[in-house]
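Sequence lines, in order, name chains L and S.
With the numbering used here, the residue at position 600 of the first sequence is 600, and numbering never jumps.
Basically the numbering used here = 1-based index in the second sequence + 672.
For each residue, glycine too, the CB sits at the ideal point set by N, CA and C.
Structure record follows, encoded as structure tokens.
Protein chains: 2
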Amino acid sequence: MALEMAVLTLVAASAGFAARPALVPWPSSIDVGEGELVVGPDFRLAVEGRGGELVERAAKRFLERLARQTGLVLPSALAPAAKPTLSIRCESPGKALPRLGMDESYTLTVAPGGAALQAAEPWGVLRGLETLLQLVGPGATTAFRAPSVTIRDRPRFPWRGLMLDASRHFMPVDTVKRTLDGMAAVKLNVFHWHLTDDQGYRLESRRYPELHRQGSDGLYYTREEVKEIVAYAGERGIRVVPELDMPGHVTSWLVSHPELGSMPGPYAIEREWGVKDPCLDPSKEEVYRFLDSLLGEVAALFPDPYLHIGGDEVNGRQWNASERLAAFRKDRGFGSPHELQGYFSQRVSKIVTGHGKRVVGWDEILLPGLPKDSVVQSWRGQESLGRAAMQGYQGILSSGYYVDLMWSADRHYLTDPWDKGVDRLPEADRARVLGGEATMWSEFTTAEIVDSRIWPRTAAIAERLWSPRDVRDVDDMYERLDGVSRWLEWLGLDHRAVYTRMLQRLAGPRHDELRMLADVVEPLEDYQRGRTGHYTQQTPLNRLMDAARPESDAARSFSRRVDALLADPALAAGREAIRARLLEWQEIDARLRPLLEGSERLRECVPLAAEASALASAGLEALGFLEQGEKGPETWWASRSPLLERERKPPTGLEVAYRPAIRRLMEAAAAR
Amino acid sequence: MALEMAVLTLVAASAGFAARPALVPWPSSIDVGEGELVVGPDFRLAVEGRGGELVERAAKRFLERLARQTGLVLPSALAPAAKPTLSIRCESPGKALPRLGMDESYTLTVAPGGAALQAAEPWGVLRGLETLLQLVGPGATTAFRAPSVTIRDRPRFPWRGLMLDASRHFMPVDTVKRTLDGMAAVKLNVFHWHLTDDQGYRLESRRYPELHRQGSDGLYYTREEVKEIVAYAGERGIRVVPELDMPGHVTSWLVSHPELGSMPGPYAIEREWGVKDPCLDPSKEEVYRFLDSLLGEVAALFPDPYLHIGGDEVNGRQWNASERLAAFRKDRGFGSPHELQGYFSQRVSKIVTGHGKRVVGWDEILLPGLPKDSVVQSWRGQESLGRAAMQGYQGILSSGYYVDLMWSADRHYLTDPWDKGVDRLPEADRARVLGGEATMWSEFTTAEIVDSRIWPRTAAIAERLWSPRDVRDVDDMYERLDGVSRWLEWLGLDHRAVYTRMLQRLAGPRHDELRMLADVVEPLEDYQRGRTGHYTQQTPLNRLMDAARPESDAARSFSRRVDALLADPALAAGREAIRARLLEWQEIDARLRPLLEGSERLRECVPLAAEASALASAGLEALGFLEQGEKGPETWWASRSPLLERERKPPTGLEVAYRPAIRRLMEAAAAR
């Protein structure tokens, strides 16, 4: 692959600013040829073979999207063309619906004379069309171009998903559709829809309508909307796996059905975050009758053979407090809540399989008696995935793919389902590791900002799950990710534009000033935000930490420069660029203070701006020592090093993103 | 009003960055009080009186929009509140549909204890709610605020419209809806829908389905979509006036119905721009039978009592060339095509009134025999509006409001329907001037960029038509317009975000560099673009001139600074800021050349960038002479002044927007 990359770089150089094609995920095999295909207003598309209507509709959507991303005026209809610009050939119509293990492979050749896309099933056509759209870039005056390539591509893993939590904050239908568009664009194929939790029951039920009526604040998906979304996803080769989380995370169910709970209630919709006590009562036969009826309805509504029953985070408090359960446990010999959950999972699994579905659940469902065709979704790590595989269970990885935790893209990217020993398992066991899922939990995400929390980082996870394992050059990934992030905007994804709008809301006409600071801060990682203040479902997510991007591009590129400088024996490489950056950042405090102090909503950021400037000053001092070849004196280190520790619970929920790079500069200057 | 403004400025100063409320249009009367209303998550809205469902739905939309623009979590339902934050009182439900002359007046009081909105009819409620949304700005940490005010407001003119040309480039339903949202936000009340022209017949016809089938490339509005849009507009207090342009501009009709033409045909959909020959044949009775049937259908589909029959730009060529018409004219004694058009207009007007509608038409319909209740839409100027008024006809002004001509907002803003003597007409005549309409012709506008061509400039026209005539301070307007432009984004209008996306399409990752140039150029005004190249309906509108904003904010503020400098006897005011700007612009050529030369689509901009830098250099030289108190020598003037003339037909279709300011600097330096 290294050779192919080199060739591509040559091609890119001749095309001016257009770098290597921003393909994400990177294909399993790519050869670059001579020349390029002109994509102009005479672009014609022909569909051959037996792909059927699925392929024809995909081809029409392709034309619409090509017109949108280029601004070209293209025919909206397919026409039999004597000499098409793109011919699509699909061997068979496949099944009507995407399924686990569907054939997503395709071959795409682009040459000056035309492009050809071939696939055995429509799913490969869908994937190949996305690749081609990513290849099309600026070219001649009114035309665009795609480089000559031969791509043979197929996914590494068959299960490549994104979980969206629509319970803690509701995600309207158009948000879901936009998310599905983005998923298809980066070749993800499972939409895991987290429909219920303590904070909301979001699915219309015909059999138990009080569930959604009393458990959702009126914010739920109707059955018709579900069908619409399932069809929309299917058209894009995406399976929809619904999740009804149980036996914990059910407060919203118990509002209307307190009799199912382990304690009598009454219950109200939960507004706070965290692991809560309410839990279904595993000793009650009516609970299983209810679930049989409810899951029957759900099973009929969602065509995919998999149904997710949650199973995570049962804290056992209600179970331990219940006299009725004490008797039941004694009677059955269930010592721990663990055993009780095992019993519950077995019963529910039987119900699920009785409705013709297979079970998916979080780590905790892996208990004796789980049906062998179940899928374990690991939020704990690859170790538990390997353990499940050795016991004969299929599994998918989510640990490391929690995009709500505000990690940088590379950290997700370098997490592999085969890490931590999975790659050393016997092949038969290893093959049970089906892939993974990014998870978008929504404590700190509303529909307004969800695009900016999913994209572009989820594209890096999508590449991990699609591309060969050895595609893991981080700098290369970031460069392509930048292009794909801009390309995703043509789908209507709002992850870039929302940033500006939110800064405008905070700073009005002075949003460009605020951007100076916003560009170099990052929201705290992991679960730290929850400790910086009191957050509920009603807390507005409209502060600087909600606008700020999970990853600061400016800080990342600064960090790379610092590394290059410190790796240079002469300590000179890029020094002036580093100095210029630091001089800019040094000004943040002085430039922003009037704005921040003048606005009550921004006042909390005054110390943050001061810190940003102080860190830049310290960095400049360090740079001075390095330049002079002097060791920074002890007194200097003693006075400046406290800057390297940030406040533990900053009320802004934000961190200066270039602090680690300043640390490296300072440590080098102090020769530590 | 001057006093009120001063008071507002004081208030604004205390609120930090929030300037005077960005109200557009400015209300007819406003008094500012002490303090402010806190708008937080406990915002509650109560509806009283007899406004009915129209008001209730408007109130719910208000809550949704307030939540969106603030990020606050607000209840989506109205609740009877003991002490509401906002109480709305509407005296009567009014008519179900907006109509000419409806009562749009309202009184809005905002005080620390709460806000109250009162109106006689729902239309006033709609207008007042937009005012309140514009008043809400940043405040305490998680809350927002609205300043204490008492506003008594009503429109100056009853007809305040926007015409959208959906024929030359089709505008999809969601684009139309977004446009209606923007219109309602700035209190426009007539959506004039230009549905047919040479380039497309965009309205489904049940009686003559071949019209839309053969005349639209498949891009038309179904009857259901029309009803949906009429209802959507009605909810927002906007009338919908459809236009079927005739007897010229009908090529798209003649594709399926060549027998209606003055020449036998065959006809194909016109792809070029300009005034074309095809014309209905006024001598054929079947033409009137056809129109009677067609207009009957249209009259039934659109509830507004007005129907627009176009009437503009008949070039007479077909009429002069037709032997049949020669005989007809001789027979009837019609010497000129003018008289023929008069005959046609009379016949069609009778058909229109026969279907219970009143006629609207462009200037040219003002011919003997026009029914007295018709409305003349003047694209020629206030003089013809005055002439029509004196003859007893009502009129609306569009001359001066053509937003497709790329004028600056102030030029539209300072155009008044009462200019050029209309204000000296007897009051009864002057009252026949009903208002005006901005017109968005779409030769050079697609759905992709139309928002950026309509907004924010149309808001300045909306103010002209709503606010008192003496509200005409240009600097003040621009300041408020800037705020409103950002506020309009919360409606989903794309006029700001599309700029970045288009620069990204042109320059990929280097869009920020291209922005240096894009920020200081403007598309050529009036009809000059059509002379710089060959444009058709298929020409992609994806070049820098399509991305560039009609008005460069940077150039405008630079121009103001130059004026201030030259007005200062010491020639010192703001000199260093001017110099800094010019130094930046001087770099454009060097900074951008690699980008521009490396891209075939941008190469045409190389001379433009060079010109931008050369102008900046000349400006710096002029500044030097002024600073030294020297007169720029003749040789200097001779060598630099050619820069002040731009190329007549620049292929970029763009102009350096700060050229006029450089001229003023240079002329001052040369003491000319």
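How many angstroms separate the CA atom of residue i from the CA atom of residue j?
{"i": "L/GLU64", "j": "L/TRP418", "result": "39 Å"}
{"i": "S/VAL959", "j": "S/PHE1000", "result": "15 Å"}
{"i": "L/MET682", "j": "L/PRO93", "result": "Outside the displayed range of chain L (1 to 672) lies residue 682 of chain L, so it cannot be described from this structure."}
{"i": "S/PRO914", "j": "S/ARG1215", "result": "32 Å"}
{"i": "S/ALA1252", "j": "S/GLN790", "result": "51 Å"}
{"i": "S/GLY809", "j": "S/ALA1227", "result": "28 Å"}
{"i": "L/ALA446", "j": "L/MET171", "result": "For the record, residue 446 of chain L in the displayed sequence is Thr; it is not Ala. Cα to Cα, the separation comes out at about 7 Å."}
{"i": "L/ARG68", "j": "S/PRO1212", "result": "11 Å"}
{"i": "L/PHE17", "j": "S/PHE715", "result": "Only weak support is given to the placement of L/PHE17: the predicted model assigns it a pLDDT of 34, under 50, and the value that follows is read from those uncertain coordinates. The straight-line gap from Cα to Cα measures roughly 51 Å."}
{"i": "L/LEU602", "j": "L/ALA616", "result": "21 Å"}
{"i": "S/THR822", "j": "S/ALA783", "result": "9 Å"}
{"i": "S/GLY1007", "j": "S/SER1046", "result": "25 Å"}
{"i": "L/GLU228", "j": "L/ARG457", "result": "27 Å"}
{"i": "L/PHE625", "j": "L/ASP475", "result": "29 Å"}
{"i": "L/GLU667", "j": "L/TRP26", "result": "37 Å"}
{"i": "S/LEU675", "j": "L/ALA612", "result": "In this predicted model, S/LEU675 has a pLDDT of only 39, less than 50, meaning its place in the structure is not dependable enough to derive any value."}
{"i": "L/PRO158", "j": "L/ASN189", "result": "8 Å"}
{"i": "S/ARG1136", "j": "S/VAL1143", "result": "8 Å"}
Please report the Cβ distance between residue i and residue j, rounded to the nearest whole angstrom; I am assuming they are in contact, meaning their Cβ atoms lie under 8 Å.
{"i": "S/ALA818", "j": "S/LEU709", "result": "5 Å"}
{"i": "L/PRO278", "j": "L/TYR267", "result": "6 Å"}
{"i": "L/HIS308", "j": "L/GLY361", "result": "7 Å"}
{"i": "L/THR252", "j": "L/GLN199", "result": "Note that residue 252 of chain L corresponds to Ser in the displayed sequence, not to Thr. With a Cβ gap of about 6 Å, L/SER252 and L/GLN199 count as contacting."}
{"i": "S/ARG879", "j": "S/SER820", "result": "Incorrect: roughly 57 Å between the Cβ atoms, too far for contact."}
{"i": "S/GLY631", "j": "S/ALA1341", "result": "This structure gives no information on residue 631 of chain S, because the portion of chain S shown stretches from 673 to 1344."}
{"i": "L/ARG168", "j": "L/GLN538", "result": "Actually they are not in contact, since the Cβ atoms of L/ARG168 and L/GLN538 sit about 12 Å apart, beyond 8 Å."}
{"i": "L/LEU162", "j": "L/HIS192", "result": "7 Å"}
{"i": "L/ALA184", "j": "L/LEU126", "result": "7 Å"}
Along the chain, where does the beta strand (DSSP E) that runs through residue i open and close?
{"i": "L/THR445", "result": "Here L/THR445 belongs to no beta strand (DSSP E), and DSSP marks it neither H nor E."}
{"i": "S/TYR978", "result": "978-982"}
{"i": "L/ARG145", "result": "144-153"}
{"i": "S/THR779", "result": "778-783"}
{"i": "L/TRP636", "result": "Taken as a continuous stretch (DSSP letters only), L/TRP636 belongs to no beta strand (DSSP E), being part of the alpha helix (DSSP H) at 634-640."}
{"i": "L/VAL433", "result": "433-440"}
{"i": "S/ASP1076", "result": "Taken as a continuous stretch (DSSP letters only), S/ASP1076 belongs to no beta strand (DSSP E), as it is neither H nor E."}
{"i": "S/ALA791", "result": "786-791"}
Tell me, please, which residues DSSP counts as bridged to residue i.
{"i": "L/VAL375", "result": "L/VAL360 and L/GLN394"}
{"i": "L/TYR138", "result": "Per the sequence shown, the amino acid found at residue 138 of chain L is Pro instead of Tyr. DSSP lists L/PHE144 as partners of L/PRO138."}
{"i": "L/TYR201", "result": "L/THR196"}
{"i": "L/THR191", "result": "Looking at the sequence itself, residue 191 of chain L is Phe, so the reference to Thr does not match. The partner list for L/PHE191 (beta bridge, DSSP) reads L/LEU162 and L/VAL240."}
{"i": "S/ASP703", "result": "S/THR822"}
{"i": "S/GLY933", "result": "S/LEU952"}
Taking the continuous alpha helix (DSSP H) assigned at residue i, which residues delimit it?
{"i": "S/GLN1176", "result": "1169-1179"}
{"i": "S/MET1149", "result": "1146-1160"}
{"i": "L/ILE662", "result": "659-669"}
{"i": "L/ILE449", "result": "No alpha helix (DSSP H) contains L/ILE449, which DSSP labels as neither H nor E."}
{"i": "S/ALA1345", "result": "Outside the shown range of chain S, which is 673 to 1344, sits residue 1345 of chain S, and nothing can be said about it."}
{"i": "S/ALA998", "result": "995-1004"}
Note to self: Give me the subset of the segment 67-81 of chain L whose CB atoms are less than 8 Å from a CB atom of chain S, sorted by chain position.
What the structure shows: ARG68, GLN69, THR70, GLY71, LEU72, VAL73, SER76 and ALA77
Notebook entry, point to check: Between the segment 1160-1173 of chain S and chain L, which residues of the former have a C-beta closer than 8 Å to a C-beta of the latter?
Noted result: GLU1161, TRP1162, ARG1168, ALA1169, THR1172 and ARG1173
Check: Which residues, in chain order, does the segment 211-224 of chain L contribute to contact with chain S at a C-beta distance below 9 Å?
Finding: ASP217, GLY218 and LEU219
Check: If you measure beta-carbon to beta-carbon, which residues of the segment 462-484 of chain L are closer than 8 Å to chain S?
Finding: ASP482 and GLY483
Checklist line | Near-chain L residues of the segment 987-1000 of chain S - C-beta to any C-beta below 8 Å | finding: none
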